[in-house]
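A.B. asks: I have a structure I would like to understand better, so I am pasting it below and will then ask my questions one at a time.
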Amino acid sequence: MSTGISGTGKGSALIVATAIGLTACGSGSDSGPETAAFDETLSAQALLDSSVESQNQPVTPSTIIGADLLFEPMTDAATYLVTVRNFWGMDDFPQAFPDNAHLSLFGGAVHNASISFWEIGEPPSRGIEDMAEAGLIDILLSDEVTPAIEQGTASSFIEVRQFTDPAVAGEPGELQFEITVTRSHPLVSMTSMLGPSPDWFVGVSGLSLLDDGDTAGVQGLAATLHPWFERLVVGSPLHDGGSKSDITPVMGGPDIIPPDPIGFVAYNEAAGVYLPTDVPQIVAEFDFQRIR
Ligand SMILES: [Ca+2]
34 MSTGISGTGK
44 GSALIVATAI
54 GLTACGSGSD
64 SGPETAAFDE
74 TLSAQALLDS
84 SVESQNQPVT
94 PSTIIGADLL
104 FEPMTDAATY
114 LVTVRNFWGM
124 DDFPQAFPDN
134 AHLSLFGGAV
144 HNASISFWEI
154 GEPPSRGIED
164 MAEAGLIDIL
174 LSDEVTPAIE
184 QGTASSFIEV
194 RQFTDPAVAG
204 EPGELQFEIT
214 VTRSHPLVSM
224 TSMLGPSPDW
234 FVGVSGLSLL
244 DDGDTAGVQG
254 LAATLHPWFE
264 RLVVGSPLHD
274 GGSKSDITPV
284 MGGPDIIPPD
294 PIGFVAYNEA
304 AGVYLPTDVP
314 QIVAEFDFQR
324 IR
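Here the sequence shown is numbered in my numbering, starting from 34 and rising by one per residue.
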């Protein structure tokens, strides 16, 4: 039985919402997390609790209740409003917190399972390295996403040339943009440098906007059978791109050649410094809300 809390299958983030989330969450005040120590489990449970209350009947997260859906769940295409929330701020990450803190440009692709642009535990591509070190997305888009589009494994760019503000007094910085996915290309990979930083970034890799429910892992096989999420909220850990060795939020520093595998870095509150870690620390959130 599904719990509604499942991994992406790619290890980069945590899925916390379900196909029944949108109307149950309401459209009023933002009930999102206020700190970097966001607990995805609580958030998911809150969504599920409110879903159950509003429908006054027990549901499982992958249950589709037609009357509560705003959009036909089995369409070929779905368009989402993506809200990025940046939790990186002085209050929770005080060590050398930069005056010009931001998330840099967002780059990536809508694609299928035949291609991957980055993975935890794998060294970064040139495009991902440049994104993580410099905040630039041109190599990623021109040398990696463009060939994928030409080969049919990707359907479109994700290219958002805007910065996202840091969190201030518990309020995350926000950025919004739209993406359109299709059954042939239902996956999203996108990244943005935590700026300034040596090679730290946020993002998702191969995140499916189809609700795989209990059949996760066979999405290619069963894509036609899955509904689109009405809303999906994904926490992004702070990733270490593996190509720079410094560990304070400052640009540049010594190179690691060849690059280490992509991993995690986290602000250790007790020590008051950033440290390499195997434990993901959420610094941003991507909220996918279906709008068409
Ligand atoms: Ca590094």
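C-beta atoms are modelled at their ideal positions from N, C-alpha and C, and glycine is treated no differently.
Treat the numbers as computed from the prediction; the structure is a model and nothing was measured.
1. Run through the segment 208 to 247 for me and flag every whole beta strand (DSSP E) of 3 or more residues, listed as ranges in chain order.
2. Return yes when the C-beta of S278 is under 7 Å from any heavy atom of ligand 1, and no when it is not.
3. Tell whether a beta-carbon distance below 8 Å holds between V237 and F319.
4. Could you spell out the range, first to last residue, of the beta strand (DSSP E) harbouring Q322?
5. For the candidate residues P229, V178, A165, whose alpha-carbon lies nearest to that of V221?
6. Run the CB neighbour count on R194, radius 10 Å, all protein chains shown included, and call it buried at 16 or more, exposed below.
7. By the 10 Å Cβ neighbour count, where 16 or more other Cβ atoms means buried, how is A304 classified, buried or exposed?
8. Do P231 and V283 count as a contact pair if the criterion is CB distance below 8 Å?
9. Return the chain-ordered list of same chain residues with a C-beta closer than 8 Å to the C-beta of S158, the five sequence neighbours on each side being excluded.
10. In terms of residues, what are the limits of the alpha helix (DSSP H) holding E162?
11. Can you tell me where the beta strand (DSSP E) with A336 in it begins and where it stops?
12. What are the uninterrupted segments assigned as alpha helix (DSSP H) that are 4 or more residues long and contained completely in the segment 111 to 185, given in chain order?
13. Run the CB neighbour count on Q184, radius 10 Å, all protein chains shown included, and call it buried at 16 or more, exposed below.
14. Check whether the segment 276 to 291 touches the segment 135 to 143, taking contact to mean three or more Cβ pairs, one atom from each stretch, closer than 8 Å.
15. Which residues in the same chain as F196 place their Cβ atom closer than 7 Å to its Cβ, once the five residues preceding and following it in sequence are excluded?
C.D. replies: Let me spell this out:
1. DSSP runs (the beta strand (DSSP E)) wholly in the segment 208 to 247: 220 to 228, 233 to 241.
2. Yes - ligand 1 has a heavy atom lying nearer than 7 Å to the Cβ of S278.
3. Closer than 8 Å, so yes.
4. Where Q322 is concerned, the enclosing beta strand (DSSP E) stretches over 315 to 323.
5. For the set P229, V178, A165, the Cα lying nearest the Cα of V221 is the one of V178.
6. Flag for R194 reads exposed.
7. When all chains shown are included, A304 counts as exposed.
8. Taking 8 Å as the Cβ cut-off, V283 and P231 qualify as a contacting pair.
9. So the qualifying residues of the chain are F150, W151, L173, E177.
10. Note, E162: alpha helix (DSSP H), 159 to 167.
11. Shown here, the chain extends from 34 to 325; a query on residue 336 therefore has no answer.
12. Entirely contained in the segment 111 to 185, the alpha helix (DSSP H) runs reaching 4 residues are, in chain order, 159 to 167, 179 to 184.
13. Counting the other Cβ atoms within 10 Å of the Cβ of Q184 gives fewer than 16, which makes it exposed.
14. The segment 276 to 291, when compared against the segment 135 to 143, does not touch it at the 8 Å Cβ threshold.
15. Shown here for F196: same chain residues with a beta carbon closer than 7 Å to its own, the five before and five after excluded, namely H135, L136, S137 in chain order.
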